Amino acid sequence: MSTLNYRSSKQALPIYNDEKSQRLSVKQNNNLNLLKSNKNTILYLYTLVVLSWLYTTKYFEVNYVNNAIKSSYKDEDTTKLLVFGDVQIMDKHSYPNRPYLVNKITQLILDNYHRKNWISSQNIIKPQYNVFMGDLFDGGRYWDNQYWLSEFERFHKIFKKVNIYAKNLLNLPGNHDIGFGDTILKDSFYRFNKFFGNTNSRIEIKGTNYVIYTIDSIALSDSKAPEIQNLSIDYLNEVKNYHNVNPLEKRILLTHVPLFRDPNTQVCGALRESKKPFPIVKGNQYQTVISSELTDMILDCINPDLVLSGDDHDYCEITHSFNNREVKEITTKSAAMNMGIQHPQLTLLTIDEKDTLTYSQIDLHTPYMPLLVQ
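Read left to right, the sequence shown gives residues 1 to 374 (full-length UniProt numbering).
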């Protein structure tokens, strides 16, 4: 009897354990399935976030930039000169009252804005000439040689050669590069000439009758340093004599500082953001226009067919009358996002096979929109 009872109890025990094991197994399987489902959901959400971030980044880093330029550009078989006004790359002294980290982040954002626009404009427009209108640096006139050289290298990293066939004209100085007029910093002036080339120059535009003439109107305004001022005066006299030999030559004049004008009668036009008259003021190391006398000298000697200027950061288009003729002056908008304008732009000059010169504005993408993904 004891043996039978023992066996009976032994046989009943596995039945009880099997039922419990089955319930545990089902529960464990449910937990495993739930865990797998949660892992799959997390993986799916993670993948979705990564792909969304990559798409958003690509859109704002490439498509958004390209679309802005394409919206105002029509591709034609012409000689193209792409003009960059006052890029004025930020340095560590540009905003002295801001914390170091804020300045560093700001600099990265500004550099990235320039770099994206530069790459896109070169790939889309494919200009034969890139023209910089001075004020390449923000505080270049004050830097010592060591810091200046580091910023010189940084500038060329931002505006790195994309189109090997394009010629970059960087030799026009701004007041932020060398100072202005009687307060020009001589060391900065000679340093700029050494690294960027002669600030008064003549560049023939291949395949056309047009020639670019850069005039260092800042040095021309220096009445206290004749060794600097005379470089520009002698150059103007040479250009005037050269024109007598080449009367068919068409001339594009580049000057960083705009020519003198009466802002009440020579109105900038509808493309200017500011509704105020063009300012005629001067201060420490700047002057918004060169003198009336020097303006007359430049126009008389160079006799340009078009004048391009910079410095003001906003667009302005006026007409000068001289020698019984008229000439347009376009003050180019800044290409930077921190120069007090809402819509930075480039200026595009095109010359067709008939030597017809036209100009237009190239839109850049709206600043501040893509900051979170820059």
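The C-beta atom is built at its ideal place from N, Cα and C for all residues, glycine as well.
Predicted model only: the values in this text are computed from it and were never measured.
Can you name, in chain order, every residue of its own chain whose Cβ lies under 6 Å from the Cβ of residue i, other than the five neighbours on each side?
i, result
"ASP111", "ILE158"
"GLN107", "MET90"
"ASN130", "LEU82, ALA166 and ASN168"
"GLY179", "ARG141, LEU185 and GLN285"
"ILE42", "none"
"LEU371", "Note that LEU371 scores 44 on pLDDT, short of 50, meaning its location in the model is unreliable and no value can be drawn from it."
"ASN40", "none"
Which residue's Cα is closest to the Cα of residue i: the options?
i, options, result
"LYS126", "VAL162, ARG154 and SER232", "VAL162"
"PHE192", "ASN246, PRO226, ASN168 and GLY134", "GLY134"
"PHE84", "ILE218, LEU346, ASN63 and SER274", "LEU346"
"LEU82", "THR41, LEU101 and PHE132", "PHE132"
"ASN246", "THR366, HIS256, ASN209 and ILE280", "ASN209"
"GLY174", "ASP352, ILE351, TYR64 and VAL87", "VAL87"
"LEU236", "ILE302, HIS156 and ILE164", "ILE302"
"HIS256", "TYR359, ARG325, LEU308 and ILE280", "LEU308"
"LEU364", "TYR113, GLU151 and GLN229", "TYR113"
"ILE164", "ASP138, ALA68 and ILE119", "ILE119"
"TYR359", "LYS282, PRO279, HIS343 and TYR315", "TYR315"
"GLN122", "HIS156, SER71, ASN66 and ASP144", "ASN66"
"PRO258", "ASN241, LYS240, PRO279 and SER274", "PRO279"
"TYR190", "HIS156, ASN145, ASP234 and VAL211", "ASN145"
"GLN287", "ILE69, THR332, SER217 and LYS160", "SER217"
"PRO344", "ILE228, ARG325 and PRO367", "PRO367"
"GLU249", "ASN324, LYS39 and VAL211", "VAL211"
"HIS243", "PRO304, ASP262, LEU220 and THR350", "PRO304"
Determine the direct distance from the alpha carbon of residue j to that of residue i, and round the result to whole angstroms.
i, j, result
"residue 405", "LEU254", "Not covered by the structure: residue 405. The range shown for the chain is 1 to 374."
"ASN284", "GLY207", "43 Å"
"ASN168", "TYR147", "23 Å"
"ASN232", "GLU238", "With the sequence shown as reference, residue 232 is identified as Ser, and Asn is not the correct amino acid for it. So the two alpha carbons sit approximately 10 Å from each other."
"ASP177", "ASP355", "34 Å"
"ASP311", "GLU353", "32 Å"
"ILE330", "PRO277", "15 Å"
"LYS92", "ASN103", "7 Å"
"ILE203", "ARG251", "10 Å"
"TYR142", "SER188", "8 Å"
"GLN128", "GLY139", "29 Å"
"residue 398", "ILE109", "With the chain represented from 1 up to 374, any question about residue 398 goes unanswered, as that position is not in the structure."
"LYS80", "LEU357", "10 Å"
"LYS328", "LYS116", "31 Å"
"ILE362", "ILE69", "6 Å"
"LYS275", "GLN342", "13 Å"
"ASN230", "TYR64", "47 Å"
"LYS194", "GLU151", "15 Å"
"LEU306", "GLN266", "16 Å"
"LYS160", "GLU326", "38 Å"
"GLY340", "HIS313", "8 Å"
"LEU349", "LYS282", "30 Å"
"ASN324", "HIS156", "43 Å"
"LEU101", "THR332", "32 Å"
"LEU136", "ILE105", "20 Å"
"ILE351", "ILE205", "10 Å"
"ASP234", "ASP262", "28 Å"
In chain order, what residues of the same chain lie with their CB nearer than 7 Å to the CB of residue i, ignoring the 5 residues before and after it?
i, result
"ASN171", "PHE196, GLY197, ASN198, THR199, SER201 and THR214"
"residue 393", "Nothing about residue 393 can be read from this structure; the chain reaches only from 1 to 374."
"LYS240", "CYS301"
"ILE124", "ASN66, ILE69, LYS70 and TYR73"
"LEU13", "For LEU13, the predicted structure reports a pLDDT of 49, less than 50, and the residue's modelled location is therefore unreliable. A value from the coordinates is still provided. Within the same chain, LEU13 has no close Cβ partners at all."
"LEU4", "Low confidence applies here, because LEU4 scores a pLDDT of 47, under 50, leaving its location unreliable; read the following figure in that light. Answer for LEU4: no residue qualifies."
Report all residues from its chain with a CB closer than 8 Å to the CB of residue i; omit the five preceding and five following residues, and keep chain order.
i, result
"ARG154", "ILE89 and ASP111"
"ASN264", "PRO277"
"ILE228", "ILE184, LYS186, PHE189, ALA219 and ASP222"
Taking 7 Å as the line, does the beta carbon of residue i fall inside it for any heavy atom of the ligand GTP?
i, result
"LEU357", "In the structure shown, the ligand GTP is absent, as is every other ligand, since no ligand is present at all."
The stretch 91 to 102 contacting the stretch 314 to 321, beta-carbon criterion three pairs below 8 Å:
no
Any contact between the stretch 287 to 298 and the stretch 268 to 276? By contact I mean 3 or more CB pairs, one from each, below 8 Å.
Not touching, per the Cβ criterion.
Does the stretch 213 to 227 come close enough to the stretch 176 to 188 that 3 or more CB-CB pairs lie under 8 Å?
yes
Do the stretch 61 to 81 and the stretch 332 to 340 make contact, defined as three or more Cβ pairs closer than 8 Å?
no
Go through the stretch 58 to 121 residue by residue and report every complete run of the alpha helix (DSSP H) that reaches 4 residues or more, in order.
64 to 70
Entirely within the stretch 207 to 292 and at least 3 residues each: give me those beta strand (DSSP E) ranges in chain order.
210 to 214 and 250 to 255
Sequence ranges, alpha helix (DSSP H) only - wholly within the stretch 140 to 197, length at least 4
145 to 158, 175 to 178 and 186 to 196
If we require 4 or more residues per run, which alpha helix (DSSP H) segments fall completely within the stretch 323 to 359?
none
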